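Let me begin by presenting the structure, written as structure tokens, before commenting on it.
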Amino acid sequence: MAGQKITPFLWFDGQADEAAEHYVAAFKDSEITHVMKQGEKAFVVTFTLAGIKYQALNGGPMFKPTEAFSFFVECEDQAEVNRLWAHFLDGGGTESQCGWLKDRWGYSWQIIPKRFMELVQSPDREGAGRVMQAMMQMVKFDVAALETAFRG
Numbered sequence: 002m003a004g005q006k007i008t009p010f011l012w013f014d015g016q017a018d019e020a021a022e023h024y025v026a027a028f029k030d031s032e033i034t035h036v037m038k039q040g041e042k043a044f045v046v047t048f049t050l051a052g053i054k055y056q057a058l059n060g061g062p063m064f065k066p067t068e069a070f071s072f073f074v075e076c077e078d079q080a081e082v083n084r085l086w087a088h089f090l091d092g093g094g095t096e097s098q099c100g101w102l103k104d105r106w107g108y109s110w111q112i113i114p115k116r117f118m119e120l121v122q123s124p125d126r127e128g129a130g131r132v133m134q135a136m137m138q139m140v141k142f143d144v145a146a147l148e149t150a151f152r153g
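Numbering-wise (my numbering), the sequence shown opens with residue 2 and increments by one.
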């Protein structure tokens, strides 16, 4: 298997190792693969989430995460939406709207059920439009409410 050519690189103010541990706990096929230290402290943490490699740098307070970068997570069902939603809010995350939240380190996550993507891409454009309208009123996605909106 060829290596991953592009690796997202995340900036933290001293909590890269804590964040990486929290992130890998959320997904199967995830692990911390290397920790480069400066003295006794983690400097760069390399980890995989669902098989995709990331690096996290303890770079200091100069840069903060923004909504311009987010993790888009396609969930199998409502149970996975609920589990991941709770996981990423744990310890001080904040809810936003339309399936978005920020974790305690300020990174944005889109926790999106697969069924939402199927409904908005449906050839039934009126049903898809109703799903979009319903989604705009949601904080965390509610698959049953999306299905109801689609049916009209």
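Where a beta carbon is used, it is the ideal one built from N, C-alpha and C, also for glycine.
Predicted model only: the values in this text are computed from it and were never measured.
**OP:** Check whether the Cβ atoms of residue 103 and residue 94 sit closer than 8 Å, and answer yes or no.
**Re:** Walking along the sequence shown from the start, residue 103 turns up at place 102. Walking along the sequence shown from the start, residue 94 turns up at place 93. In contact: residue 103 and residue 94 (Cβ atoms closer than 8 Å).
**OP:** Measure the beta-carbon distance from residue 107 to residue 59 and round it to whole angstroms, keeping in mind my assumption that it falls under 8 Å.
**Re:** Stepping through the sequence shown from its first residue, residue 107 is reached at position 106. Stepping through the sequence shown from its first residue, residue 59 is reached at position 58. Between residue 59 and residue 107 the Cβ distance is about 14 Å, and since that is not below 8 Å, they are no contact.
Subject >> Per-residue burial, residue 109 [other beta carbons within 10 Å of its own, 16 or more giving buried] >> reply: Residue mapping note: residue 109 aligns to position 108 of the sequence shown, counting from 1. With 16 or more other Cβ atoms within 10 Å, it is buried.
Original post:
Nearest to residue 12 by alpha carbon, out of 43, 112 and 100?
Top reply: In the sequence shown, the residue the question calls residue 12 occupies position 11. Ranking 43, 112 and 100 by Cα distance to residue 12 puts 43 first.
Original post:
Buried or exposed: residue 51, going by 16 or more other Cβ atoms within 10 Å of its Cβ?
Top reply: What you label residue 51 is simply residue 50 of the sequence shown in a count that begins at 1. That one is exposed.
**OP:** Could you give the DSSP three-state label for residue 24: helix, strand or coil?
**Re:** Within the sequence shown, the letter at position 23 stands for residue 24. In this structure, residue 24 counts as helix in the three-state DSSP scheme.
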